[in-house]
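According to our numbering, the stretch in the sequence shown is residues 2 to 202, in order.
Scroll down for the structure; my scribbles are underneath it.
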Amino acid sequence: MDTATASPSIKVPPSDMQQHFSDLLLAEEGTDVTFKVGSETIAAHRCVLAARSAVFKAELFGTMKEGTATTSVIQVDDMDAQIFRAMLGFIYSDWPPEIEEEEGADVMWQHLLIAADRYDLRRLRLMCEEKLSEYVDVSTATTILTLAEQHNCRGLKETCLEFLNSPANLQKVMATGGLDSLAACCPSVLKDLIAKLAKLK
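What follows is the structure, encoded as structure tokens:
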């Protein structure tokens with residue numbers, strides 16, 4: 002049986018669902034939960050958050066009782082509002098957050114990684130790991146290595162160890178006192194570094 006050939010004039014556009022969800026967040030249409038982050042209040046949608054994060058799902062639906070107000074306010078401690086907004090932007094769009102490349106950008110990515118780990122957003126966490134690997138240098142290596150160890154970021158940890166595996170880099174880091182702080186807060190990582198250096202001999 003003969004069939005028609007698809008017409009070259011028929012073009013299926015790329016999905017714009019991510020943009021629609023981003024617009025939904027920005028417009029705050031139909032929001033049913035509010036977060037208090039620092040001095041700011043941020044509105045969102047329970048179902049979207051629960052669908053994307055098991056932590057949000059447990060927090061928003063796991064202990065809900067019949068009659069709970071749909072406009073309840075949830076306090077978020079130990080997080081900056083800017084970081085929380087960036088995390089929500091990812092949840093709604095699946096796009097990496099837009100953080101300007103300026104002084105302190107690496108710190109923003111570090112805080113975002115912590116937030117991603119806190120809410121079990123694995124894809125976002127990996128995005129943060131990838132971005133932070135670009136910031137590993139003499140001034141940041143031990144700080145980022147500590148973060149990687151604390152949040153079980155194996156790829157990022159390996160990047161830092163490889164950087165410190167260079168005698169020239171290690172000498173410069175030692176001059177800054179970075180290894181002293183690493184030894185104080187993450188002695189196990191220092192052992193990993195020593196083991197890696199031993200392989201060079």
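Each residue gets a CB set at the ideal place from its N, CA and C atoms; glycine is no exception.
The alpha helix (DSSP H) with valine 74 in it runs from where to where?
It is not in any alpha helix (DSSP H) - valine 74 instead sits in the beta strand (DSSP E) that spans 74 to 77.
When the Cβ atoms of the region 101 to 108 are set against those of the region 71 to 80, are three or more pairs found closer than 8 Å?
Touching, no, given that fewer than three Cβ pairs across the two stretches are closer than 8 Å.
Between the C-alpha atoms of arginine 47 and isoleucine 195, what's the straight-line distance to the nearest angstrom?
When rounded, the distance between both Cα atoms is 47 Å.
Measuring alpha carbon to alpha carbon, tell me which of Ser140, Ser8, Asp33 and Tyr93 ends up nearest aspartate 24.
Out of Ser140, Ser8, Asp33 and Tyr93, Tyr93 has the C-alpha closest to the C-alpha of aspartate 24.
Residue ranges of each alpha helix (DSSP H) run of no fewer than 4 residues wholly in the region 94 to 169, ordered along the chain?
List check, alpha helix (DSSP H) in window: 106 to 119, 123 to 134, 142 to 151 and 155 to 165.
What are the start and end residues of the beta strand (DSSP E) that includes isoleucine 43?
Start and end: 41 to 45.
Only counting the same chain, and skipping five residues up and downstream in sequence, which positions put a Cβ closer than 7 Å to that of glycine 156?
The answer, listed in chain order, is Glu130.
Determine, using beta carbons only, whether lysine 158 and leucine 146 come nearer to each other than 8 Å.
Their beta carbons are under 8 Å apart, which means lysine 158 touches leucine 146 by this criterion.
I need the straight-line Cα distance from arginine 123 to aspartate 95, nearest angstrom please.
About 11 Å.
Do alanine 199 and phenylalanine 164 count as a contact pair if the criterion is CB distance below 8 Å?
Not a contact, by the Cβ cut-off of 8 Å.
Could you tell me the distance, in whole angstroms, from the CA atom of lysine 37 to the CA atom of phenylalanine 62?
Cα to Cα, lysine 37 sits roughly 18 Å from phenylalanine 62.
Determine the direct distance from the alpha carbon of alanine 82 to that of leucine 26, and round the result to whole angstroms.
Leucine 26 and alanine 82: Cα-Cα distance of roughly 15 Å.
Who does lysine 37 pair with in a DSSP beta bridge?
DSSP lists Thr42 and Gln76 as partners of lysine 37.
Rounded to the nearest angstrom, what separates isoleucine 115 and lysine 12 at their Cα positions?
Each residue's alpha carbon lies about 41 Å from the other.
Does histidine 112 pass the burial test, meaning 16 or more other C-beta atoms within 10 Å, or should it be called exposed?
Classification for histidine 112: buried.
Could you give the first and the last residue of the continuous alpha helix (DSSP H) run that contains alanine 28?
Its alpha helix (DSSP H) spans residues 18 to 28.
Please list the terminal residues of the continuous alpha helix (DSSP H) segment that includes aspartate 81.
Careful: aspartate 81 lies outside any alpha helix (DSSP H) and carries neither H nor E.
Suppose contacts are defined by Cβ-Cβ distances below 8 Å. Is alanine 45 in contact with valine 34 by that definition?
Yes, they are a contact pair.
In the DSSP assignment, find the unbroken alpha helix (DSSP H) run with glycine 31 in it and report its ends.
Here glycine 31 belongs to no alpha helix (DSSP H), and DSSP marks it neither H nor E.
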